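Following: one structure in structure tokens, then a few remarks.
2 protein chains.
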Amino acid sequence: MPQAPVAQAGRKPSRIQLRNRKRILEAALEVFSTHGYRGATLDQIAAEAGLSKPNILYYFEGKEEIHVTLLNQLLDAWLAPLRAIDPQGEPLEELMGYVGRKLEMSRDLPRESRLFANEILQGAPRMGPHLESVLKPLVDQTAAVIDGWVRQGKLAPVDPRHLLFSIWATTQHYADFEAQVGVLMRDVDVHTGASAHLEALFRRLLTPGATAGSG
Amino acid sequence: MPQAPVAQAGRKPSRIQLRNRKRILEAALEVFSTHGYRGATLDQIAAEAGLSKPNILYYFEGKEEIHVTLLNQLLDAWLAPLRAIDPQGEPLEELMGYVGRKLEMSRDLPRESRLFANEILQGAPRMGPHLESVLKPLVDQTAAVIDGWVRQGKLAPVDPRHLLFSIWATTQHYADFEAQVGVLMRDVDVHTGASAHLEALFRRLLTPGATAGSG
DNA sequence: TCGCTTTTTTACCATTTGGTAAACTTACGA
DNA sequence: TCGTAAGTTTACCAAATGGTAAAAAAGCGA
């Protein structure tokens, strides 16, 4: 048995192993996020990581395992801002803080955002179960919290899930559609403008009392 | 010269040609929108279209030409709702109508939405010039109209481009992230809820007068 | 029905790509 | 410094995939 760190679930990984796995995942993030799963090749990832293709397959069982590893790592980080919402906090500020954090993530981790978008766009073929088991319970829980806030009159009436969709859509748009945003907003500080805009958008929606407009 | 309808720019195309090109594009839309450019194969498209692969290459020069054809057709249809905004109309209703139309497109043409999203996600490699020459002028123009409305006090102060981004993001989210939306909203009429939500979201943002919240 | 054009099919082909075998090299504890 | 395990490289392979050549089969006007 000459080699096999790949499926060696037990034992502590060596320093080299740690370093190279990290390199590979970093390279894979870069490549998968710009070309999608199918569009990415092991050769590209290898080149980006500064390793040979067989060497990469020494650390991961295959292309798919790399992708899945990336995706699973991602979801946790991705949901952290949602988990940080405090049911005991001030409703409006909790939600506005969430919007701000999501927008920051879109600016600071655009590749992660695009990796996720790519996966969902194609029907979440490698993530479906995870969405079900991780995302859904968390969203159900958060929705209940928001519903409670609404019933207490601390928030304007709003459908919690559609609210979350709006927040995700608007914030992630700056990462996922960067190519389009870039064409339409040259040489401007996109983030600052976006921040002000989303602040207004969601604060107006959620502030209780002043009902605007008529159906 | 036995065959060559592919690049035969002149002459009127035969009925068969018309029918088969339509079939191919329909099949290609289905396949490209779910798997992305690279993830789609000519064999899949051929199977979906009920034609053989070489037969497909009799009508199109290659995979890329099919994709580009689809993309170009798409952009026009995609921008129609934006073109339909009437600078002479009632500002708030014009924009709310635009939101409604975009949401309808997301529901009725999800594949087109995903095809577009796929292309932009990957940096618009086959669409960059088109965005520049078609999308940008139209957006600049629309932005000027909206700015005018704001200056006339008919709309709450808003950055026109960020407003458009928000509208695109929120409406297209229902098509592009359908896999995620489906997990979180089972057995519900998503569209109706979305319509009400977006109505409230954008009407509150845009209605002039009642300034909500504080920075 | 003939003859020519358009369409379609049957074989292929070259490249790309995910993956493997096995030799070779490096790291490192005893 | 020696031996073993960990890590890396070289040389491949089979399948998938975009694409082509050329023969066969429809279509169709006269």
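Sequence lines, in order, name chains A and B. Be aware that the first sequence starts at 1, since it is given in the UniProt record's numbering, and climbs by one per residue. Be aware that the second sequence starts at 1, since it is given in the UniProt record's numbering, and climbs by one per residue. Ideal Cβ positions, reconstructed from N, Cα and C, are used throughout, including at glycine. Keep in mind that this is a model prediction, so the values were computed, not measured.
Handout entry: Residue environment, G209 of chain A, which counts as buried when at least 16 other CB atoms sit within 10 Å
Key = Counted from its first residue, the first sequence places residue 209 of chain A at position 209. Exposed.
Exercise for the section: Please report how far the alpha carbon of D43 of chain A lies from the alpha carbon of L42 of chain B, in whole angstroms. Expected result: Residue numbering aside, residue 43 of chain A sits at position 43 when the first sequence is read from its first letter. Residue numbering aside, residue 42 of chain B sits at position 42 when the second sequence is read from its first letter. Approximately 23 Å between the Cα atoms of the pair.
Handout entry: Beta-carbon proximity check, H197 of chain B vs G193 of chain A, cutoff 8 Å
Key = Position 197 of the second sequence, counted from the first residue, corresponds to residue 197 of chain B. Position 193 of the first sequence, counted from the first residue, corresponds to residue 193 of chain A. No.
Practice task
For the alpha helix (DSSP H) holding D176 of chain B, just list the boundary residues, first then last.
Solution key: Numbered from 1 along the second sequence, position 176 holds the residue referred to as residue 176 of chain B. It spans P160 to D176 - the alpha helix (DSSP H) in which D176 of chain B sits, taken as one unbroken run.
Exercise for the section: Express the C-alpha separation of G97 of chain B and F60 of chain B in angstroms, rounding to a whole number. Expected result: By one-based count along the second sequence, residue 60 of chain B stands at place 60. By one-based count along the second sequence, residue 97 of chain B stands at place 97. Their Cα atoms are separated by approximately 38 Å.
Problem - Inter-residue spacing [alpha-carbon to alpha-carbon] between G36 of chain B and E199 of chain B - result: Counting from one through the second sequence, the residue named residue 36 of chain B turns up at place 36. Counting from one through the second sequence, the residue named residue 199 of chain B turns up at place 199. Spanning the two alpha carbons is a distance of roughly 32 Å.
Handout entry: E30 of chain B versus B:L79, B:L70, B:G182 and B:V158, residue with shortest Cα-Cα distance
Key = Translated into the one-based positions of the second sequence, residue 30 of chain B becomes position 30. If we check each option's Cα against that of E30 of chain B, B:L70 comes out closest.
Problem - Proximity below 8 Å, CB of E93 of chain A to CB of I85 of chain A - result: What you label residue 93 of chain A is simply residue 93 of the first sequence in a count that begins at 1. What you label residue 85 of chain A is simply residue 85 of the first sequence in a count that begins at 1. Cβ atoms of E93 of chain A and I85 of chain A: not closer than 8 Å.
Exercise for the section: Report yes or no: do three or more beta-carbon pairs, one from the stretch 164 to 172 of chain A and one from the stretch 98 to 113 of chain B, lie closer than 8 Å? Expected result: no
Exercise for the section: Measure the Cβ-Cβ separation of P91 of chain A and L131 of chain A and say whether it is below 8 Å. Expected result: One-based indexing of the first sequence puts residue 91 of chain A at position 91. One-based indexing of the first sequence puts residue 131 of chain A at position 131. Contact flag unset, no.
Handout entry: Interface flag, M185 of chain A vs chain B, CB-CB below 8 Å
Key = In the first sequence, residue 185 of chain A corresponds to position 185, counting from 1. With 8 Å as the cut-off, M185 of chain A counts as an interface residue toward chain B.
Practice task
For K136 of chain A, return the contacting residues in chain B, with the cut-off set at a CB-CB distance below 9 Å.
Solution key: Indexing the first sequence from 1 puts residue 136 of chain A at position 136. What K136 of chain A touches in chain B: V183 and L184.
Practice task
Step through the CB atoms of chain A and report whether any lies within less than 8 Å of the CB of Q180 of chain B.
Solution key: In the second sequence, the residue the question calls residue 180 of chain B occupies position 180. Taking Cβ atoms only, chain A reaches closer than 8 Å to Q180 of chain B, which makes this a yes.
Problem - CA nearest to the CA of M185 of chain B, picked from A:P54, A:P160, A:Q180 and A:P110 - result: As a first step, residue 185 of chain B is located in the second sequence; it is residue number 185 there, counting from the start. If we check each option's Cα against that of M185 of chain B, A:P160 comes out closest.
Practice task
Tell me whether T41 of chain A counts as near the ligand PLP, meaning its Cβ is closer than 7 Å to at least one heavy atom of that ligand.
Solution key: With respect to small molecules bound, the structure shown includes none, and the ligand PLP cannot be examined in it.
Exercise for the section: Determine the burial state of V188 of chain B: buried for a count of at least 16 other Cβ atoms within 10 Å of its Cβ, exposed for fewer. Expected result: Within the second sequence, numbered from 1, the residue matching residue 188 of chain B stands at position 188. Exposed.
Exercise for the section: Please state whether DSSP places residue 243 of chain A in a helix, a strand or coil. Expected result: Beyond the ends of chain A as shown, which are 1 and 215, falls residue 243 of chain A; an answer cannot be given.
Problem - Cβ pair R38 of chain A, G62 of chain B closer than 8 Å - result: Position 38 of the first sequence, counted from the first residue, corresponds to residue 38 of chain A. Position 62 of the second sequence, counted from the first residue, corresponds to residue 62 of chain B. Going by C-beta atoms, R38 of chain A is not nearer than 8 Å to G62 of chain B.
Exercise for the section: With DSSP as the reference, label L51 of chain A as helix, strand or coil. Expected result: Looking up residue 51 of chain A in the first sequence gives position 51. Looking at L51 of chain A - three-state DSSP - the assignment turns out to be coil, as it is neither helix nor strand.
Problem - Proximity to R114 of chain A [Cα-Cα], best of B:R111, B:S113 and B:N118 - result: Here residue 114 of chain A refers to the residue found at position 114 when the first sequence is read from its first residue. Ranking the options by Cα distance to R114 of chain A, first place goes to B:N118.
Exercise for the section: Measure the CB-CB distance between L206 of chain B and V158 of chain B and report whether it falls below 8 Å. Expected result: Residue 206 of chain B sits at position 206 when you count from the first residue of the second sequence. Residue 158 of chain B sits at position 158 when you count from the first residue of the second sequence. Their beta carbons are under 8 Å apart, which means L206 of chain B touches V158 of chain B by this criterion.
Problem - Closer than 8 Å to chain B by CB, F177 of chain A - result: As a working mapping, residue 177 of chain A is identified with position 177 in the first sequence. Yes, its Cβ sits closer than 8 Å to a Cβ of chain B.
Practice task
Consult DSSP for S14 of chain A and reduce its assignment to one of helix, strand or coil.
Solution key: For the purposes of this step, residue 14 of chain A is identified with residue 14 of the first sequence, where counting begins at 1. Looking at S14 of chain A - three-state DSSP - the assignment turns out to be coil, as it is neither helix nor strand.
Practice task
Please state if the CB of V190 of chain A and the CB of V183 of chain A are separated by a distance shorter than 8 Å.
Solution key: Numbered from 1 along the first sequence, position 183 holds the residue referred to as residue 183 of chain A. Numbered from 1 along the first sequence, position 190 holds the residue referred to as residue 190 of chain A. No, the pair does not count as a contact, with Cβ atoms beyond the cut-off.
Problem - Contact set for L109 of chain A: own chain, Cβ-Cβ below 8 Å, skip 5 residues either direction - result: Against the first sequence, residue 109 of chain A aligns to sequence position 109. Answer for L109 of chain A: A77 and A175, listed in chain order.
Handout entry: Reference I56 of chain A, options A:V134, A:P81 and A:L18, closest by Cα
Key = Within the first sequence, the letter at position 56 stands for residue 56 of chain A. Ranking A:V134, A:P81 and A:L18 by Cα distance to I56 of chain A puts A:L18 first.
Practice task
Locate the alpha helix (DSSP H) running through F127 of chain A, then write down its first and last residues.
Solution key: Residue mapping note: residue 127 of chain A aligns to position 127 of the first sequence, counting from 1. In the sequence on display, residue 127 of chain A carries Met and not Phe. Where M127 of chain A is concerned, there is no enclosing alpha helix (DSSP H), given that its DSSP letter is neither H nor E.
Problem - Proximal residues of chain A, C-beta to C-beta of A117 of chain B below 7 Å - result: The residue given as residue 117 of chain B occupies position 117 in the second sequence. Chain A residues near A117 of chain B: L121.
Exercise for the section: Write down the C-beta distance between T142 of chain A and L82 of chain A rounded to the nearest angstrom, noting that I regard them as a contact closer than 8 Å. Expected result: Residue mapping note: residue 142 of chain A aligns to position 142 of the first sequence, counting from 1. Residue mapping note: residue 82 of chain A aligns to position 82 of the first sequence, counting from 1. T142 of chain A to L82 of chain A, Cβ: 6 Å. Contact.
Practice task
Could you tell me if Q122 of chain B is buried or exposed, where buried requires 16 or more neighbouring beta carbons within 10 angstroms of its beta carbon?
Solution key: For the purposes of this step, residue 122 of chain B is taken as the residue at position 122 of the second sequence. Buried, by the Cβ-count rule.
Practice task
With DSSP collapsed to three states, give me the class of D147 of chain A.
Solution key: Taking the first residue of the first sequence as position 1, residue 147 of chain A is located at position 147. Helix, per DSSP.
Handout entry: Classification of residue 233 of chain A by the beta-carbon crowding that lies within 10 angstroms, buried from 16 upward
Key = Lying before the first or after the last residue shown, residue 233 of chain A is absent from chain A, which here runs from 1 to 215.
Handout entry: Interfacial residues, the stretch 126 to 157 of chain A to chain B, with Cβ spacing under 9 Å
Key = M127, G128, L131, E132, L135, K136, V139, D140, A143, A156 and P157
Practice task
Measure the C-alpha to C-alpha separation of F116 of chain A and P13 of chain B and round it to an integer number of angstroms.
Solution key: Here residue 116 of chain A corresponds to residue number 116 of the first sequence, with the count starting at 1. Here residue 13 of chain B corresponds to residue number 13 of the second sequence, with the count starting at 1. The straight-line gap from Cα to Cα measures roughly 43 Å.
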